[in-house]
Each structure stands twice: as C-alpha cells, then as structure tokens.
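Under numbering that gives the first Met the number 0, the sequence shown has 94 at position 95, and the numbering climbs by one with no breaks. Think of the CB as a built atom: it goes at the ideal place given N, C-alpha and C, for glycine as much as any other residue. A quick write-up on the structure given underneath.
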Amino acid sequence: MSKTSLTIAAFLLLLFSCEEGFITDCNQCYSDDYRVILRIRYRNPDYMPNHPVVTLYEGKVSDSIVLKKFYITDPTSYIDYNAILYKDYSATLVFYKDGQKYIITAGACPNVRYDETSCEEPCYYLYDNILDLRLRYE
C-alpha cells in the first residue's frame, strides 16, 4: 500500500471509530444518585396498535426468561422499568393491525459513563437504556 492509502485508511478509521453514547445530554445527566430506568417505547404517533402486549425478557428473547408482561390499555407511548446496569434486556411487542399480526423485537444493555467536561459539573450519563418497539415499516 502506498503512503497516501495508509493515511486515508487511518483517517477513516479514526472518523468512524467513535464510542457509542459519546455525546452527553446534560438534561439526562446525574451528579451523584441516579436510577437505572429502562424505557420501552411502543407507540407509533400515526396509529394505536390493537391490544398490544409487551413482554420484557432478561437476556435474549430466545433465553425465554420473562421478567414482566405489560397489557397496554392506556394511550401512553412508553413504559419505564427499573433495571440493572450492564445487564442485557430484550422485549417483544405483539399486536394486530388490519387483521395482520405483528411481532417486533428490540434489545438493550443499560450503561453509564462518568463525564467530567461536557456539562456544567461532572456527572453520570446513562445510555443504551431504550428499547424501541415502534413499527417503522409495513
């Protein structure tokens, strides 16, 4: 490889190798005491699914360790669940729309990072704590 190719490759490697959750939202930053909340989003703003059921699992769905089932009756768009840091969670959403059955899955592993410089004071930032079960395509 030529020197130019190596330089371009190194530049692209640095450009696309950012740590996930690097940008800190200071509104979601906690100075000392914080709760680990897993947020499960399931409602699409265009429609309300008929009789949606959200099942939360510990680990992968295929492990079949059910933590809780949520039978959705109110029109809120998310569910909050008290979680544990660095533990894998997954969820399924089952609902019917126009006579067709839909099953949507998602996974997350809540993490925390200590950030000293991004906000006004040093804080803990919780990330990867959202399970997005909204239907994007039909």
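Query raised in the report: How would you call proline 121, buried or exposed, if buried means at least 16 neighbouring beta carbons within 10 angstroms?
Result: Residue environment for proline 121: exposed (fewer than 16 other C-beta atoms within 10 angstroms of its C-beta).
Query raised in the report: What are the start and end residues of each continuous beta strand (DSSP E) run of 3 or more residues lying completely inside the segment 31-106, in chain order?
Result: Entirely contained in the segment 31-106, the beta strand (DSSP E) runs reaching 3 residues are, in chain order, 36-40, 49-57, 65-70, 77-81, 88-96.
Query raised in the report: Taking Cβ to Cβ, would you say valine 65 is nearer than 8 angstroms to threonine 75?
Result: Not closer than 8 angstroms, so no.
Query raised in the report: Roughly how many angstroms lie between the CA atoms of glutamate 32 and tyrosine 85, to the nearest whole one?
Result: Going by the sequence as given, residue 32 is aspartate instead of glutamate. Near 17 angstroms, if we compare the C-alpha coordinates of tyrosine 85 and aspartate 32.
Query raised in the report: In or out: glutamate 19 buried (at least 16 other Cβ within 10 Å) or exposed?
Result: Low confidence applies to glutamate 19: its pLDDT is 49, below 50, so where it sits in the model is not reliable, and the reading given next is rough at best. Glutamate 19 is exposed by the Cβ-count criterion.
**Report entry** Closest Cα partner of arginine 40 within the set Glu115, Arg112, Ala107
**Finding:** Among Glu115, Arg112, Ala107, the Cα nearest to that of arginine 40 belongs to Ala107.
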